[in-house]
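When we follow this note's numbering, the leftmost residue of the sequence shown carries the number 133, and every step to the right adds one. Comments concern the structure below.
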Amino acid sequence: MAISLGMSHPNISNFCHVKVYREVQRRGFKLNTSVRVCLKSEMIGGKEESKAPLRILIAGGGIGGLVLALAAKNKGFDVKVFERDLSAVRGEGQYRGPIQIQSNALGALEAVDADVADKIMENGCVTGDRINGLVDGLTGKWYVKFDTYTPAVERGLPVTRVISRMTLQQILAHSVGPDIIENSCNVVDFNDDGKKVTIMLEDGREYEGDLLVGADGIRSKVRKKLFGPKEATYSEYTCYTGIADFVPPDIENVGYRVFLGYKQYFVSSDVGGGKMQWYAFHNEPAGNDDPQNCRKKRVLELFGNWCEKVVDLLLATPEDMILRRDIYDREPMLTWSKGRVTLLGDSAHAMQPNMGQGGCMAIEDSYQLALELEKAYKASLETEKSVDIASALKRYEKERILRVGAIHGMARMAAIMASTYKPYLGVGLGPLSSLTKLRIPHPGRVGGRFVLGLVMPTMLGWVLGGNSSKLEGWSPRCRLSDKASNELHRWFQDDDAMERAIDADWCLIDADHQMPNGTSTAIRLSRDENRPTIIGRTACASTEGVPAILPYSKVSERHASIVCKENTFFVMDLGSEHGSWITDEEGRSYRIPSKVPERIRPGYVIQFGRDRQAVLRVKLYKRLPQENYVKRDTPVLGAV
Numbered sequence: 133m134a135i136s137l138g139m140s141h142p143n144i145s146n147f148c149h150v151k152v153y154r155e156v157q158r159r160g161f162k163l164n165t166s167v168r169v170c171l172k173s174e175m176i177g178g179k180e181e182s183k184a185p186l187r188i189l190i191a192g193g194g195i196g197g198l199v200l201a202l203a204a205k206n207k208g209f210d211v212k213v214f215e216r217d218l219s220a221v222r223g224e225g226q227y228r229g230p231i232q233i234q235s236n237a238l239g240a241l242e243a244v245d246a247d248v249a250d251k252i253m254e255n256g257c258v259t260g261d262r263i264n265g266l267v268d269g270l271t272g273k274w275y276v277k278f279d280t281y282t283p284a285v286e287r288g289l290p291v292t293r294v295i296s297r298m299t300l301q302q303i304l305a306h307s308v309g310p311d312i313i314e315n316s317c318n319v320v321d322f323n324d325d326g327k328k329v330t331i332m333l334e335d336g337r338e339y340e341g342d343l344l345v346g347a348d349g350i351r352s353k354v355r356k357k358l359f360g361p362k363e364a365t366y367s368e369y370t371c372y373t374g375i376a377d378f379v380p381p382d383i384e385n386v387g388y389r390v391f392l393g394y395k396q397y398f399v400s401s402d403v404g405g406g407k408m409q410w411y412a413f414h415n416e417p418a419g420n421d422d423p424q425n426c427r428k429k430r431v432l433e434l435f436g437n438w439c440e441k442v443v444d445l446l447l448a449t450p451e452d453m454i455l456r457r458d459i460y461d462r463e464p465m466l467t468w469s470k471g472r473v474t475l476l477g478d479s480a481h482a483m484q485p486n487m488g489q490g491g492c493m494a495i496e497d498s499y500q501l502a503l504e505l506e507k508a509y510k511a512s513l514e515t516e517k518s519v520d521i522a523s524a525l526k527r528y529e530k531e532r533i534l535r536v537g538a539i540h541g542m543a544r545m546a547a548i549m550a551s552t553y554k555p556y557l558g559v560g561l562g563p564l565s566s567l568t569k570l571r572i573p574h575p576g577r578v579g580g581r582f583v584l585g586l587v588m589p590t591m592l593g594w595v596l597g598g599n600s601s602k603l604e605g606w607s608p609r610c611r612l613s614d615k616a617s618n619e620l621h622r623w624f625q626d627d628d629a630m631e632r633a634i635d636a637d638w639c640l641i642d643a644d645h646q647m648p649n650g651t652s653t654a655i656r657l658s659r660d661e662n663r664p665t666i667i668g669r670t671a672c673a674s675t676e677g678v679p680a681i682l683p684y685s686k687v688s689e690r691h692a693s694i695v696c697k698e699n700t701f702f703v704m705d706l707g708s709e710h711g712s713w714i715t716d717e718e719g720r721s722y723r724i725p726s727k728v729p730e731r732i733r734p735g736y737v738i739q740f741g742r743d744r745q746a747v748l749r750v751k752l753y754k755r756l757p758q759e760n761y762v763k764r765d766t767p768v769l770g771a772v
C-alpha cells in the first residue's frame with residue numbers, strides 16, 4: 133500500500149510529493165521502509181516514475197564513517213555502516229583517550245547536523261578559550277603560545293573542545309540509528325562492476341550498493357584492495373599515554389601544553405571532570421614493549437628530570453591507566469578513488485597526532501563527500517540520467533587532497549621539530565654535552581621561536597578556519613558559552629600577568645618531595661601583604677607575620693620573609709647569619725642579597741642557611757587537603 137504525502141523536500145528541486153513504500157529485501161538490503169522521491173520532471177504521460185535514493189555502503193564505524201552516515205542520512209540517502217565491533221564505544225575510547233575536536237571540524241559538524249553538533253559540544257571540555265602552546269620540557273617556560281581562540285570567533289566557528297571518544301561515538305551512533313549500523317560485520321572484499329558495488333563480509337554475507345566508502349582506518353582492507361598492499365610508515369616514535377585525576381594550578385589559564393625535548397616530547401591537556409590526559413613520545417625503534425606493570429617506571433626514567441608540570445602528572449597517574457603504542461602514518465596519495473569506491477579519514481591519509489587534526493580531517497572529508505554526492509544526485513534528477521558516482525568521488529577528492537596533504541605535512545614537521553629541539557648548546561653532542569651546564573641557549577631554539585612566532589597565526593587561521601567558506605548552508609554564530617577571559621590576549625604577550633592570574637595556593641615543600649604526603653607538610657604562603665610569612669628557627673611575634681618554623685641550627689631565629697604584592701611573591705633575607713640561596717628553574721643558583729626583595733616563581737628552590745634539611749621548593753596547588761598544610765607555630769620539616 134502506498135501513502136501520498138503532500139510536503140516540501142528541502143534538498144531536492146522540482147519536488148512533487150513523497151510516497152512511502154514497504155519493500156522486501158532488495159539488492160542486499162534487509163526489510164525496511166524507504167522513501168521514494170517522485171519528481172514532476174519524471175511524470176511521463178501522467179504516469180509517475182520514482183527515482184531511488186543512492187545506496188551508500190560504508191566500511192568502518194569510527195568517527196569518519198559515522199559522520200558520513202549521518203550526513204548521507206540527512207540528505208535522504210540509503211546508508212549502511214559495516215563495523216567490526218564499534219570498538220570506541222566498547223573500549224577503544226579508553227585505550228586512545230579523549231579526542232580533540234578543533235574549530236574547523238566543529239563547523240563541519242554543524243553543517244552536517246546542528247543539533248548533533250550542539251550535543252557534542254555540550255559534552256566536551258572547551259580548551260580553545262585558554263592559552264595553548266609549546267614550552268621547554270626541562271624548565272616549563274613558554275616557547276611559543278598558540279591563539280586558537282581568535283581564528284574561531286572571527287569566523288563564527290565553535291571554539292575547540294576535547295571529548296571522550298566513547299561519548300563522541302555514542303552520540304554519533306545514536307544519531308545515525310541502529311537500523312543503519314551493522315555491527316560485528318567485517319568487510320573483507322568488494323567488487324565494482326561499474327554499475328554497482330558488492331561487498332563481501334567475513335561471515336560470507338554480501339551487500340550491494342551504488343558506492344563503497346572505505347573508512348576502516350590506517351590498515352584499511354578497502355585501501356589494500358583498491359591500491360594494493362603497502363606498509364604504514366613508522367614515525368620513529370613510540371607513545372605512552374595516560375589519564376590522571378589531576379587539576380593543575382593554572383587550569384583556568386591553560387588548555388594544553390606541548391613540552392619539547394631532544395628526541396622526546398610530552399603533551400598534556402585538560403579533558404574536563406578534574407582529569408588530565410597526557411602523551412609521552414620517545415624516539416626509539418618500533419616493536420618494543422615493557423615488562424608487566426613497568427610502564428610508569430619507564431616513563432619516569434625518560435621524563436623524570438623534566439619540569440614539575442610533567443613529573444607531577446606522571447606521579448598522579450595509576451599504572452593501569454598507562455598504555456603504549458607505536459605511532460604510524462601513511463604516505464600521502466594523489467588519488468583516493470577508483471570507479472565507485474573511495475576512501476575517507478585514516479584510510480586515505482592517516483597522519484601523526486601532533487596537530488590534533490586526524491579526526492578533524494575525517495569529519496571534513498565526511499561533510500565534503502556527502503555534499504558532492506548530493507550535487508551529483510540533483511544533477512541526475514535534472515538531466516534524467518543516472519548518477520555519475522565516479523565524477524562525484526573525483527570532485528570530493530579534488531576538494532580535499534591539497535588541504536589534507538598540507539596538514540599531513542605539518543603533522544610530520546611538528547615531529548621533526550620535536551626531534552631536533554635543543555634547549556642549550558651541547559645537547560645531543562656526546563663528548564661536548566658538558567656544555568649544557570653553561571645554559572647557553574641553542575641558536576636553533578632562538579631562531580625557531582622567532583620563525584614560529586611569525587608563521588603560527590597565519591597557519592592556525594588557515595587550519596582552524598580555512599574550510600569554513602566551503603560549508604554550504606552553514607551560518608557563523610556568536611556563542612556566549614565560548615567567551616574567553618578578558619585577559620586572554622594580555623596573557624599571550626605577558627608571562628608575568630599570566631602567572632599573577634593563577635588561582636592557586638603558593639606553598640613551600642621539602643625540595644626532595646614532589647607532593648606532600650603522610651610524612652611531609654606544606655607551608656602555605658600568606659597573601660596578606662601586611663602579614664608576610666616569616667621563616668625562622670623559632671616563632672616570631674604574632675603581629676609581625678605568619679610564622680613558619682625550620683628547627684635547624686643554621687637557620688636564624690628570624691631568617692627570611694616572603695611577602696605577596698599584587699599576586700607576586702618576593703623572598704627577602706632578614707640579615708641571617710648563614711644567608712639564603714635561590715636555584716631557578718634552569719638550575720642557576722645564587723645568594724639572595726640581604727634586605728633586598730627577590731622575586732620567586734613556581735619551581736624555584738630556596739635554601740635557608742647552610743643546612744640541607746632547610747631546602748624548600750616553591751610549588752602551586754589547586755586543591756590540597758587541609759591536613760597537608762602546616763599548622764601555625766608547628767615545626768615545618770621536623771617530620772620529614
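Using N, Cα and C, we set each Cβ at its ideal position, and we do this for glycine too. Predicted, not measured: the structure shown is a model, and the values here were computed from it.
Among the options, whose alpha-carbon lies nearest the alpha-carbon of residue i?
i	options	result
F391	A547, D635, V750 and R720	A547
I495	N599, Y509 and L584	N599
G197	K277, G239, Q301 and G229	Q301
N318	E504, G346 and Y499	G346
I714	G741, K697, C696 and G419	G741
S367	S512, H540 and L202	H540
S708	W606, D377 and S685	S685
M630	E698, I666, D644 and P683	E698
K615	V285, G272, P230 and V267	V285
Q232	G193, P283 and V294	V294
Should residue i be labelled buried (16 or more other beta-carbon atoms within 10 Å of its own) or exposed?
i	result
F582	exposed
L304	buried
T590	exposed
D247	exposed
V105	This structure does not reach residue 105, given that the chain is present from 133 up to 772, and the question cannot be answered.
R337	exposed
K357	buried
N425	exposed
K517	exposed
N264	buried
T515	exposed
L586	exposed
Taking the C-alpha atoms as reference points, what is the distance between residue i and residue j?
i	j	result
Q396	N415	6 Å
P648	L752	Caution is warranted here: a pLDDT of 46 is assigned to P648, below 50, making its placement in the model unreliable, and no coordinate value can be reported.
I724	F702	11 Å
N486	T280	15 Å
L186	I350	27 Å
Q157	I454	At Q157, the pLDDT of 40 sits below 50, so the modelled position is not reliable; the number obtained from the coordinates is stated separately. Taking the straight line joining both Cα atoms gives about 47 Å.
L270	K441	10 Å
R532	D497	7 Å
G260	D635	19 Å
I252	L503	22 Å
I188	N206	13 Å
G288	R609	5 Å
D268	S469	43 Å
V687	R744	11 Å
V386	I655	25 Å
L333	N323	12 Å
C371	G668	47 Å
Three-state secondary structure (DSSP) at residue i?
i	result
C439	coil
W594	helix
V536	helix
Y499	helix
L752	strand
T700	strand
G677	coil
G196	helix
K183	strand
V587	helix
E340	strand
G393	strand
R427	helix
### Task
Tell me the start and end of each unbroken alpha helix (DSSP H) in the stretch 242-314 that is at least 4 residues and wholly inside, in chain order.
As far as the stretch 242-314 is concerned, its whole alpha helix (DSSP H) runs of at least 4 residues are 246-254, 282-285 and 297-308.
#### Entry: Within the stretch 473-517, ranges of the alpha helix (DSSP H) (whole runs, at least 4 residues)
Taking only runs of at least 4 residues, the alpha helix (DSSP H) segments lying wholly in the stretch 473-517 are 478-481 and 490-515.
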